[in-house]
Structures are given as C-alpha cells and as structure tokens.
Amino acid sequence: MRASRIVSTVALSMCVAGLVGGCAGGDGSGDAVRSVPRTAQARDDLLKSAQNELVRRCLTDREVEAPAPVTTSAAPQPAGGQRQFPYGIDDPAWAAEHGFGITAGSTGQGGPATPKLDRKAAAEQQRLSDALFGTGRRELSTRTATGLLVKANSDGCLAQAQRVLYGDQAAWFRTDVTVNNLAAAAHQRVTRDPAYRAALADWSRCIAPVHKATDPAELRSAWQRGAHDLDARRAAALQRRYAVAEARCVRRTGLAGTGVRLERWYTAELRAQYADQLDDHRRLREHGLRYAVQHGL
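According to UniProt numbering, the sequence shown is numbered sequentially starting from 1.
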C-alpha cells in the first residue's frame with residue numbers, strides 16, 4: 001500500500017526485507033497435521049510468512065527479482081533495551097543509565113548519506129516497486145481515525161497476495177489500515193485532551209530550569225542541537241542530564257500517568273466506534289490463517 005511515493009519507498013524496504021528473510025514456502029506436502037496457531041504472535045508470523053510467500057511467487061511469475069535490502073538509515077538508534085515512553089520518561093534510574101535511549105554519538109544530525117543509485121539500479125528498483133504496489137491510478141482509499149487518507153493500487157503483487165490470502169483485498173485494505181492506526185488515533189486524542197495539556201504545562205514549568213521546552217520531544221530536539229558539536233562522551237552526558245530532568249518532572253507532574261489513563265479511555269472509545277471494522281478484520285484474518293494452513297504457506 002502507498003499513501004505517497006515516500007510511503008511506497010518505506011513499504012518497499014520492509015517488503016523486500018521480509019522476502020529476503022525467508023518464507024515458509026511449499027506446496028503443503030508433509031504439512032497435513034498443521035493447524036492454526038493459538039498464540040497471537042504465532043498467528044501474526046504465519047500471516048506475514050504466507051503473504052511474503054505469495055508475493056514472492058507473484059514476483060517470480062512477473063520475472064521480477066527482489067534484491068537484498070541495504071540498511072542506510074541515519075536515524076538515531078535505540079539503546080538500553082526496547083522500553084517505550086509515549087508520554088515522557090518516568091523512570092529516573094533508567095534515564096540516568098540510558099538517557100533518552102539513543103546511542104551515544106547518534107544525534108540524528110549528519111550521518112552516512114544514502115548512496116545514490118545509478119540509472120540501471122534506479123530503474124530496477126522502480127520496476128520492483130511497480131510490481132509490488134501496482135501502477136496508475138490508486139483505486140483503493142480509506143481515511144484513518146487520525147484523518148490521514150491512505151491509497152493503494154489493486155494490481156500489484158502485494159494486492160494479489162492479499163486477495164488470495166484474505167479473499168477480499170479491498171476489505172482487507174480498509175480494515176487493516178483502520179485497525180493499525182487506532183493506537184495512533186488514541187495517542188493523538190490523549191495529546192489534545194485538556195487534562196493532558198494541563199499536566200504538560202506543569203511539566204514544561206518544571207523542566208524550565210534545565211532547559212525550556214514545551215514537551216519531551218522538544219527537549220530531545222534541544223539535546224540533538226546541543227550535542228551536534230560535542231564528542232561522544234560529552235554528548236552522552238548531556239543526554240543523561242536532560243533525560244533525568246525529564247523523568248523527574250514527569251514523575252512530579254504525573255504526566256505519564258495522565259497519558260496512560262487517558263489512553264485506556266480513548267482506546268476503549270475507538271474500539272467501540274470502529275467495532276464493525278474490528279470484527280471484519282478478525283474475520284479476514286481467520287480466513288487468511290485457514291488458507292495459509294490449508295495451502296502449506
């Protein structure tokens with residue numbers, strides 16, 4: 001799917017990575033005793049593997065080869081585990097050890113440049129993108145709960161794989177886009193809620209003696225600017241200083257707790273609002289799981 005050429009490029013990298021990573025392919029021989037997995041993670045893995053295999057077969061039929069992905073991102077890399085703090089770091093001890101969780105020296109400024117493709121490589125990448133996502137007018141469209149309009153073609157290998165796997169590609173596109181954006185919609189509603197805005201204003205006043213910032217994201221940007229000309233050791237020290245200050249103020253003002261409480265409320269509200277789409281999404285997933293098992297994907 002692609003809401004724009006930029007979205008297509010990101011999706012292309014993810015799809016290629018999945019294809020190169022290996023697929024549980026086969027014609028089902030020796031797989032007669034397989035059944036639909038019970039755990040959510042195993043079900044997700046099966047659907048991804050099945051879709052990748054169907055995409056790979058489609059690309060082969062169209063005589064398009066998926067090249068090995070090349071990681072060229074210059075974005076800051078996470079450090080210190082996979083902890084997420086959607087409403088500000090609320091653990092001063094963690095902040096003292098890991099800062100914002102960004103690897104020392106990776107400030108998001110500069111970094112390795114994306115290599116420029118030569119004409120032949122660019123043409124091959126475009127051919128792969130066209131085969132995966134389709135060409136021409138994007139026939140499918142839906143609007144997410146955050147207001148984003150997402151469009152997709154129905155003639156690419158990804159669409160074909162979804163049509164085979166789920167039985168109805170248009171319905172899968174609409175429900176999958178909707179369901180996968182509900183968390184973002186809940187977060188958006190939290191950040192606009194008056195109670196959260198009040199807690200955020202308290203946090204801003206609390207952090208002002210260390211650095212003036214209206215929210216934790218602005219504090220990270222301030223660190224990136226300040227660390228730009230520092231060596232790795234001093235940049236890391238500045239990161240920890242800012243992160244500890246953020247965490248102490250988050251604790252003092254209850255910012256994260258307010259965010260989490262409101263997120264639970266808005267998530268329930270959204271799930272009620274989009275109950276029909278959620279039911280359709282579950283039904284299509286069940287269809288895909290049964291198809292994957294029956295056809296040895």
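Beta carbons are placed, not taken as given, at the ideal position from N, Cα and C, and that holds for glycine.
Within the DSSP bridge table, the entry for residue 120 names no partner. Ranked by Cα distance from residue 84, the options 288, 248, 256, 286 are led by 256.
Residue 152 sits in a strand when the DSSP states are folded into three classes. Under the three-state reduction of DSSP output, residue 59 falls in the helix class. Beta-bridge partners of residue 143 (DSSP): 149. Take residue 172, set aside five residues on each side of it, and the residues of its chain with a beta-carbon closer than 6 Å to its own are 162, 166, 284, in chain order. The shortest C-alpha to C-alpha distance from residue 59 to any of 45, 160, 150 is the one to 160. Per the coordinates, the alpha-carbon of residue 224 lies some 44 Å from the alpha-carbon of residue 38.
Cβ atoms of residue 43 and residue 289 come within 8 Å of each other, at about 6 Å. Rounded to whole angstroms, the separation of the alpha carbons of residue 168 and residue 207 is 51 Å. A straight-line Cα-Cα distance of about 11 Å links residue 280 and residue 178. Annotated as proximal: residue 185 and residue 146, with beta-carbon spacing under 8 Å. Between residue 239 and residue 214, the alpha-carbon positions lie close to 17 Å from each other.
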